[in-house]
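Protein chains in written order, with the numbering used here: chain C, 20 to 323; chain D, 438 to 825. See structure below.
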């Protein structure tokens, strides 16, 4: 019966990893191409979830609500870039961190004013049960949907970045911004577009995760930290790195929560194991990051 | 509406400040936002209901209720408590839902000799060695529901039970309480992060362990998410879910719905408890807020009644803290839980009931009382309390 457990935990890790990838992809592009630390990326995830909650309620359809929330968040993201963040590109990282941290506080309070501190976003009833994937292997239908969407978006992004003209400009910007500028790339429009794509990916993650978790003010901060861990592990500016990093973080976190307490129980007395297991599990991904930084300081797939 | 009420009371207070103890000031700090807000909101609403039914008074004095949100953060809670105790000089402090936030905040009240009446959190340290003369519990000791659940699991002769709780003081108290009365084997004992919302990894482990029953202590939003995901994973058909009373009460029933049918839980109070005070409370709460009260609401209501009785018994002399303490200790009021008394550590001695989630005559999901698990149960720590 252990293969069922391993299969189920792998799917859990994959699901979590793919959602982290959606957040990390936008973050790594903004960081890699514009050399801009955007702490407010998590706020776009929150905005996406709140917009989805309202739009699902307004349209009465989960699909329509989520599909409308994605472009709406992208527009908000681009507005944010044009009005505020554009002025920060020339500043040093400290100013960017301070300014975007202020944005987190402002957006949190703005959302509280508009929606209140939380909003309901129920799971579609048809997806709320389990599916039998293989004999004996049950998995929640909604989590399967998340995995499917995550894989589709990852494939789309890969094709978009590696096969299209815009994707080429993005890659050029990530590997050498000055050279791309010198070759006459309209960097302003490119930056705004990249920001919009990042915001749209945030909205996909926020809207999909909301029925499983909760739509609430401050939901972006915790996951933002994980997204930064992902891009540091994967290598800044690299979509491939973000994907690998996100999957590794998702797996390590799931495995840590599931198996570390058991592993500790095997060779420690129970009172230590029950204290050490959860504590180590909750820092396992940071330990992983420390190891990666020690072995490959540029991350697994450095862009430049 | 609430603000206007407070303003009115404030204005009333300003007119008559010349006399001593012309009003009673109560500071209320609780978790009023985020996924676990329903708990604090129920306590607050019931507390305000009790004042309203009393004609805006507590113990014959006009009541002023100052409300603040701790945002589920110990530092924010402590700040609010500090302001209320030192600046607003409240006569009573109350409100906290979560033990960790309360433990960070109540020392401010204790240092200032301000009485804290707990409408919920009642952790083990304050029941035993660190029992405090300014700490009163109107709810139940942290372990109590879990001890009753453990006794129920023993009565049902479950062979193996899987335990899950968040990794903090109340989580540890809860599972210790369950194990104190459960005689079968423990399939596994898992501590998750406080505030965790995704339980996929934990649920996969539960499925693999195949226990007879699963006991969870996951208050507020954690429980809502866990139970939804438990049902979504298809585990509810093969594993009996046991919860403490608050994890399958009205605040959880509303978002989770029919998935909870048939869940057994344990509590010191139930909607259908047959006493006059409870009937009045349930009817008034439903009329005022258009929803059924949860066990948290019952605790908030009892907290207000307990303060009301104490202020009445000292004839409004709230500045005489020693007299107020004696009156609180006597707890002379008709509680919605039926008769109870306070132990020498100022924690209650009371009955605990087995309840099941079922449909009532109107088709609503409610908890029905199935029987009494403990009669006049105190707590396991009172022997260590040096107070007389």
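By construction, the Cβ of each residue, glycine as well, lies at the ideal position given by its N, Cα and C atoms. Every value quoted in this text rests on a predicted model; they were computed, and no experiment measured them.
Bridge pairing for residue 653 of chain D: D:601 [DSSP].
By DSSP's assignment, residue 209 of chain C forms no beta bridge with any residue.
Distance between residue 234 of chain C and residue 137 of chain C, taken at the CA atoms: about 6 Å.
In the DSSP annotation of this structure, the continuous segment of the alpha helix (DSSP H) that includes residue 519 of chain D starts and ends at 511-519. Membership of residue 807 of chain D in the beta strand (DSSP E) is indicated by the continuous run 802-814. Counting only residues of its own chain and dropping the five nearest sequence neighbours on each side, residue 611 of chain D has a CB closer than 8 Å to the CB of 579, 580, 582, 583, 602, 654 and 681. Under the criterion of beta carbons closer than 8 Å, residue 646 of chain D and residue 624 of chain D qualify as touching, at roughly 5 Å. When 9 Å is used as the limit between beta carbons, residue 231 of chain C is near these residues of chain D: 634, 635, 637, 662, 665, 666 and 669, in chain order. Taking 3 residues as the shortest admissible run, the segment 561-605 of chain D contains the following complete beta strand (DSSP E) segments, listed from N- to C-terminal end: 572-574 and 597-603.
Minimum Cα-Cα distance from residue 462 of chain D among the listed residues D:541, D:737 and D:495 corresponds to D:495.
Beta-bridge partners of residue 792 of chain D (DSSP): D:702 and D:806. In the three-state DSSP reduction, residue 158 of chain C falls in the strand class (E or B). For residue 128 of chain C, the enclosing alpha helix (DSSP H) has its first and last residue at 112-134. Between residue 557 of chain D and residue 733 of chain D, the beta carbon gap of about 7 Å places them in contact (Cβ cut-off 8 Å). Closer than 8 Å to the CB of residue 630 of chain D there is at least one CB belonging to chain C. The C-beta distance from residue 824 of chain D to residue 554 of chain D rounds to 16 Å, too long to fall under 8 Å, and the pair is not in contact.
If you draw a 10 Å sphere on the C-beta of residue 313 of chain C, you find fewer than 16 other C-beta atoms in it, and that means exposed. In the DSSP assignment, residue 629 of chain D forms a beta bridge with D:603. Boundaries of the alpha helix (DSSP H) around residue 279 of chain C: 258-286. Its chain contains 747, 750 and 751 as the residues whose beta carbon lies nearer than 6 Å to that of residue 764 of chain D, once the 5 sequence neighbours on both sides are disregarded; these appear in chain order. Rounded to the nearest whole angstrom, the C-alpha separation of residue 200 of chain C and residue 182 of chain C is 21 Å. Closest in alpha carbon position to residue 620 of chain D, among D:606, D:586, D:604 and D:632, is D:586. Looking at C:274, C:57 and C:208, the one whose alpha-carbon comes closest to that of residue 119 of chain C is C:57. Ranking D:778, D:755 and D:670 by CA distance to the CA of residue 24 of chain C puts D:670 first.
The three-state secondary structure of residue 736 of chain D, taken from DSSP, is helix. Identification of chain C residues near residue 532 of chain D by a Cβ-Cβ cut-off of 7 Å yields none; the smallest Cβ-Cβ distance measures about 17 Å. Under the DSSP assignment, residue 506 of chain D falls in the beta strand (DSSP E) whose first and last residues are 498-506. In this structure, residue 268 of chain C and residue 249 of chain C form a Cβ contact; the two beta carbons are roughly 5 Å apart against a cut-off of 8 Å.
For residue 232 of chain C, DSSP records no beta bridge to any residue. Cβ-Cβ distances below 8 Å link residue 150 of chain C to 157, 158, 159, 160 and 163 in the same chain, with the five nearest sequence neighbours on each side left out; the list follows chain order. Annotation: residue 544 of chain D is outside any beta strand (DSSP E); the continuous alpha helix (DSSP H) that includes it extends over 536-548. Per DSSP, residue 75 of chain C is one residue of the alpha helix (DSSP H) stretching across 60-78. Look at the segment 670-702 of chain D and you find these whole runs of beta strand (DSSP E), each 3 residues long or longer: 677-681. Distance between residue 91 of chain C and residue 185 of chain C, taken at the CA atoms: about 21 Å. Counted as a single uninterrupted DSSP element, the alpha helix (DSSP H) harbouring residue 92 of chain C occupies residues 81-102.
Restricting attention to C:153, C:165 and C:154, the CA atom closest to the CA of residue 146 of chain C is found in C:165.
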